[in-house]
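Take a look at the structure below.
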Amino acid sequence: MPETKHFKNYIGGKWVESATGERYENRNPADTDDVVATHCKSDGRDVEAAVAAAKEAFKSWRLVPAPERGLMIHKVVEVLKRRKEDVSQMMTREMGKVIAETRGDTQEAIDCGMYAAGEGRRLFGRHTPVEMPDKFGMAIRRPVGVCGMITPWNFPIAIPSWKMFPALICGNTCVIKPATLTPASVGNFIEAFEEAGFPPGVVNMVTGGGSTVGKAMVEHPDINRISFTGSVEIGNLLAGQCGAVGKPFSAELGGKNAQIVMPDADMDLAIDGALWGAFGTTGQRCTATSRLILHEGIHDEFVEKLIARAKRLKVGNGLDESVDMGPAVSEDQLKTDLHYIDVAANEDKAELVLGGKRLTGGAYDKGYFIEPTIFTGVTPKMRLAQEEVFGPVLAVLKFSEFEEAVEILNDTEFGLSSSLYTRDVNRAFRAIRDIEAGITYINGPTIGAEVHLPFGGVKGTGNGHREAAWTVLDFYSEWKTVYVDYSGKLQRAQIDNK
Ligand code: UN1
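For the sequence shown, our numbering assigns the number 788 to the initial residue and increments by one for each residue that follows.
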């Protein structure tokens, strides 16, 4: 058995036990004999200590020149590059996705760090002429103080990096609460900051449950921002709590992403995309393809080929390089997947054409493995077409006109990612214009966003913010407008120049 790592909270530059003195263990979802790591079961007192450390550290961190902050972030990137393999291996043990994907997750943090480090030499403000003579006007960014991050288990390092690096480059300090299923990956990420020599208190990690640690963060008056990625249910709850105290809140919630395939598309390419989008990460991405909208002219042939390809996907322990799909992240998630399969078959009365069962026997008995699953005959109002499963369960819908396909795609409460396969450039541009989603791919699957373009969704997926890219800076900084009057006299705007 690989070794079990023991993490503590990271507060004020020190690894410390929780005030509760309680710990919990996390096991590998591919092999429940493997205890990956143990963690502190913290409460509000630990949040209090972390926020105090972050508040103190903010006093000096905000004054470190941004290019210098960028250099420090670059050191974190160097540590992550060196530790990419061991960090990724532990991530696979911790949450199950295959090793190629956990390497991708770590790489996404590396990319995000490099982008944020470069931003240290930009963080552009604006200068503009003003109405009065001998007067200067500009807008600059100011940091906001202590920022709280509540992060999910499906991208255990990438998503914390999307939140922490931009917050830090803007001059803020951070308190992060990792998902209870993946604190080891965040612990490894925090170790990179420690090794890079970040000043004490600039980054802090408190592990534990949402109803204790998360709640204390949201309620803490000295946390000035909460950035959350996770379920719609929790996101909406936190949005209400933050709203009640006027705390800016960034939400990245669910998706019911669809791929449309037109009859003129390259079918093999579209099948590659559907397989990767639906079954990559065991379907556990906010951006996963959970609906496939096929033109009636190609539907049957496409489904037949898709099933043949999906049958060949190897399900197993993600540390085995030949495995295509790992387990569900937990027993609860497996139950949710099986519940939706039951709903689709017995309530929606869709047709199960592939999979549908938990995998058992041999090594499968030690994990939460499930078959790649496909339903056909799904119609837009069925629950499988509307509700997010977060598992490897693909709903196939049929259409006859392009406009109808876009209508079906838009007929959900969510709007994160979307995809269209076609060779017709006019249709592609119409789709870009008409699809209600934060991200549209043409001839690519719904997954695969890059860190230097805005990431986020419309409708129920979010609350208007975008992560990554330059757009996230607007969440982690506040604009200050500056006027400098060098005329030496009182100049009254809107009066003296009229
Ligand atoms: C998520 O689905 O929660 O675009 C994040 C992608 C990844 C990030 C996904 N780069 O699929």
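Ideal placement from N, C-alpha and C gives every residue a C-beta, glycine not left out.
**OP:** Consult DSSP for G924 and reduce its assignment to one of helix, strand or coil.
**Re:** strand
**OP:** To the nearest angstrom, report how far apart H1252 and M951 are at their CA atoms.
**Re:** 15 Å
Original post:
Looking only at DSSP bridge pairs, what is M992 linked to?
Top reply: Y797, I963
Subject >> Beta-bridge partners of R913, as assigned by DSSP >> reply: A926
Subject >> Simplified DSSP state of N1011, which is helix, strand or coil >> reply: strand
Subject >> For F845 and I927, the rounded distance between their alpha carbons >> reply: The straight-line gap from Cα to Cα measures roughly 18 Å.
Original post:
When DSSP labels each residue in this structure, what does N1104 get in the three-state scheme?
Top reply: Annotated three-state conformation of N1104 is coil, per DSSP.
Subject >> Touch test, the segment 1074-1083 against the segment 1047-1054, Cβ-Cβ under 8 Å, three pairs minimum >> reply: yes
**OP:** Give, in chain order, every unbroken run of the beta strand (DSSP E) that is at least 3 residues long and sits entirely within the segment 1120-1165.
**Re:** 1138-1141, 1160-1163
Original post:
What is the rounded straight-line gap between the Cα of A1182 and the Cα of A971?
Top reply: 34 Å
Subject >> G1247 versus I1013 - alpha carbon distance >> reply: Roughly 18 Å separates the two Cα atoms.
**OP:** Out of C899, I860, S1037, R810, point me to the one whose CA is closest to T1016's CA.
**Re:** S1037
**OP:** Examine the Cβ distances between the segment 1131-1145 and the segment 995-1007 and report whether three or more of them are shorter than 8 Å.
**Re:** no
Original post:
Any chance the CB of N1213 is under 7 Å from a heavy atom of ligand 1?
Top reply: no
Original post:
CB S1187 to CB T1233, shorter than 8 Å?
Top reply: no
Original post:
Helix, strand or coil: which one does DSSP assign to E812?
Top reply: strand
Original post:
Should N941 be listed as close to ligand 1, given that the test is whether its C-beta is under 7 Å from any heavy atom?
Top reply: yes
**OP:** In angstroms with no decimal places, state the Cα-to-Cα distance between E865 and V851.
**Re:** 20 Å
Original post:
Is it true that the segment 1090-1106 meets the segment 1193-1210, where meeting means three or more beta-carbon pairs spaced less than 8 Å apart?
Top reply: no
**OP:** Would you mind working out which of A1172, L1056, S998, G984 sits nearest Q1028, comparing C-alpha positions?
**Re:** S998
**OP:** Could you check the C-alpha separation between N1044 and L1171 for me, to the nearest Å?
**Re:** 12 Å
Original post:
Smallest Cα separation from G1164: which of R1078, C961, G905, V885?
Top reply: For the set R1078, C961, G905, V885, the Cα lying nearest the Cα of G1164 is the one of R1078.
**OP:** Give a yes or no on contact between the segment 1091-1098 and the segment 957-970, applying the rule of three or more CB pairs nearer than 8 Å.
**Re:** Because the criterion of three Cβ pairs below 8 Å is not met, the segment 1091-1098 and the segment 957-970 do not touch.
Original post:
Where does the unbroken alpha helix (DSSP H) through E981 begin, and where does it stop?
Top reply: 970-982
Original post:
Taking DSSP as the reference, what is the three-state secondary structure of Q1281?
Top reply: In the structure shown, Q1281 sits in coil (DSSP, three-state: anything other than H, G, I, E or B).
Original post:
So who's on the other strand from Q1046, going by DSSP bridges?
Top reply: Bridge partners of Q1046: L1079, S1206.
Original post:
Sorry if obvious, but does the Cβ on N798 come closer than 7 Å to a heavy atom of ligand 1?
Top reply: In the sequence as presented, Asn is not what sits at residue 798; that position holds Ile. Checking every heavy atom of ligand 1 against the Cβ of I798, none is found closer than 7 Å.
Original post:
Straight-line CA distance for Q876 to M992?
Top reply: 21 Å
Original post:
Near E982, what residues of its chain come up, given a Cβ to Cβ distance below 6 Å and the 5 sequence neighbours on each side ignored?
Top reply: V866
Original post:
When every heavy atom of ligand 1 is checked, does at least one fall within less than 7 Å of the C-beta of G1235?
Top reply: yes
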